[in-house]
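The structure appears right after this line, and notes come after that.
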Amino acid sequence: MPFYRLYYHIVWATKDRRPLLVPEIESIVHSLLREKARKLDATVYAVGGVADHVHLVATIPPKLDVATFVGQVKGATATQFNKLNHYAGSVYWQREYGAFTFDQKRLHQVVDYVLRQKEHHANGNLIPVLERCEDEA
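All you need for our numbering is the position in the sequence shown, starting with 1, plus 1220.
Written out as structure tokens, the structure is:
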């Protein structure tokens, strides 16, 4: 097995930025994200976000490229949630996502930023680049 330390901060939004991730839905979705990431041999350090987007901090094994990992996590999460939770409505993700790499020294800072998303959004204390899900070409 190869040795790796590939740290990623990944962010993506609900389709059309709809505020679907209310607390009762958010907890289920976050659990499903962790479960799928674990099945892909990733290590999840933090999941956070607000009603219209999710942040994930993880190491991804080198056997998976970021696009494949994100696609599988997003797809499996939406599919599982929508199958199991008809009463709560459906969750759909936008196609785009943001992916950022960082070194192990910054892991604590990035995890803290992700876990405090609600506070950051309420106070307007955001790091704009870490909130981006698409290129502003």
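The beta carbon of each residue, even a glycine, is placed where N, CA and C say it ideally should be. From a predicted model like this one, the values you see are computed outputs, not experimental measurements.
Please identify the residue among the options whose C-alpha is closest to the C-alpha of residue i.
{"i": "tyrosine 1303", "options": "Phe1322, His1275, Leu1252, Pro1348", "result": "The sequence as given places lysine at residue 1303; tyrosine does not occur at that position. It is Leu1252 whose Cα lies nearest to the Cα of lysine 1303."}
{"i": "arginine 1352", "options": "Arg1336, Gly1344, Arg1258, Phe1320", "result": "Phe1320"}
{"i": "threonine 1299", "options": "Lys1256, Leu1350, Arg1336", "result": "Lys1256"}
{"i": "histidine 1229", "options": "His1273, Arg1238, Asp1272, Val1334", "result": "Val1334"}
{"i": "valine 1270", "options": "Gly1344, Leu1346, Gln1337, Asn1343", "result": "Gln1337"}
{"i": "glycine 1268", "options": "Ala1287, Val1286, Ile1245", "result": "Ile1245"}
{"i": "aspartate 1261", "options": "Glu1316, Lys1283, Glu1354", "result": "Lys1283"}
Would you kindly work out how many angstroms separate the C-alpha atoms of residue i and residue j, rounded to a whole number?
{"i": "threonine 1297", "j": "proline 1281", "result": "19 Å"}
{"i": "lysine 1294", "j": "tryptophan 1313", "result": "7 Å"}
Can you name the start and end residues of the alpha helix (DSSP H) that residue i belongs to?
{"i": "valine 1290", "result": "1286-1304"}
{"i": "alanine 1342", "result": "1337-1343"}
Indicate, with yes or no, if the ligand COA has a heavy atom lying under 7 Å from the CB of residue i.
{"i": "valine 1270", "result": "Only the bare structure without any ligand can be found here, which leaves the ligand COA out of the picture."}
On the DSSP letters alone, give me the boundaries of the beta strand (DSSP E) that residue i sits inside.
{"i": "alanine 1262", "result": "Careful: alanine 1262 lies outside any beta strand (DSSP E) and carries neither H nor E."}
{"i": "tyrosine 1227", "result": "1227-1233"}
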